[in-house]
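Down below is the structure, laid out as structure tokens.
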Amino acid sequence: MQGKARKIVQAICYEVIAVACVAPALSLMFDAGMAHSTVLSVLMSGIAMSWNMGYNWAFERWEARQQQRTRTLLRRVLHALGFEGGLVLILLPLVAFWLDISLWQALLTNLALFVFFFVYAFVFQWGFDKVFDVPLSAQHVKC
């Protein structure tokens, strides 16, 4: 699977699993109702999905211009760090507002989520590539 179909399937699968993990965790961490935590998780998911599409588009454009196009361990780690690090900053005001906590507490919450999502993003993308193959931007060019 390649192109837009790959990106859409990847983003939806990623976010559905993420909401299923994050909503109960937020509910427990902040003694918030499951409905309140689920709405926040869905909002975060929507923002993350938009970020995912834009970030992966930019990453694959960069990747396609590289002499070495294989997705090495280092490249996968850098991809996950860039994605999750950007998302931590983007979600900071939403988490603080929604949970009625300080920006500092929201940052700590986002960093805790970052740890989970750093591992999750790495494992998910690796598994997704195994099931659906890597995108054209990561395939060797035959000269």
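Residues in the sequence shown are numbered from 1 upward in steps of one, following full-length UniProt numbering. Even glycine gets a Cβ: it sits at the ideal position worked out from N, Cα and C. Note that the coordinates shown come from a computational prediction; the quantities given were computed from them, not determined experimentally.
Asked, Found
"Would you tell me roughly how many angstroms separate the C-alpha atoms of K4 and F83, rounded to the nearest one?", "19 Å"
"A112 and V95: beta carbons closer than 8 Å?", "no"
"Please classify Q10: does DSSP put it in a helix, a strand, or coil?", "helix"
"Going by the beta-carbon positions, is the gap between T38 and A23 smaller than 8 Å?", "yes"
"Out of F122, I12, V77 and T109, state which residue places its alpha-carbon closest to the alpha-carbon of V88.", "T109"
"Excluding the 5 residues flanking V42 on each side, which residues of the same chain have their C-beta closer than 7 Å to its C-beta?", "V19"
"Count the other C-beta atoms from every protein chain shown that fall within 10 angstroms of the C-beta of M29, then say buried if there are 16 or more, exposed otherwise.", "exposed"
"Cβ atoms of H79 and F97: under 8 Å apart, would you say?", "no"
"Which residue wins for smallest C-alpha separation from Y120, given the options L81, L74 and G54?", "L81"
"Kindly indicate which residue of W126, F124, V134 and L99 has the alpha-carbon position closest to the one of M34.", "L99"
"Can you list, in chain order, the residues of its chain with a C-beta nearer than 8 Å to that of W126? Leave out the 5 residues immediately preceding and following it.", "R76"
"Could you check what DSSP says for V77 in three-state terms: helix, strand or coil?", "helix"
"Quick check on the burial criterion: 16 or more other C-beta atoms within 10 angstroms. Buried or exposed for Q10?", "buried"
"Give the straight-line distance between the Cα atoms of Q2 and F118, rounded to the nearest whole angstrom.", "24 Å"
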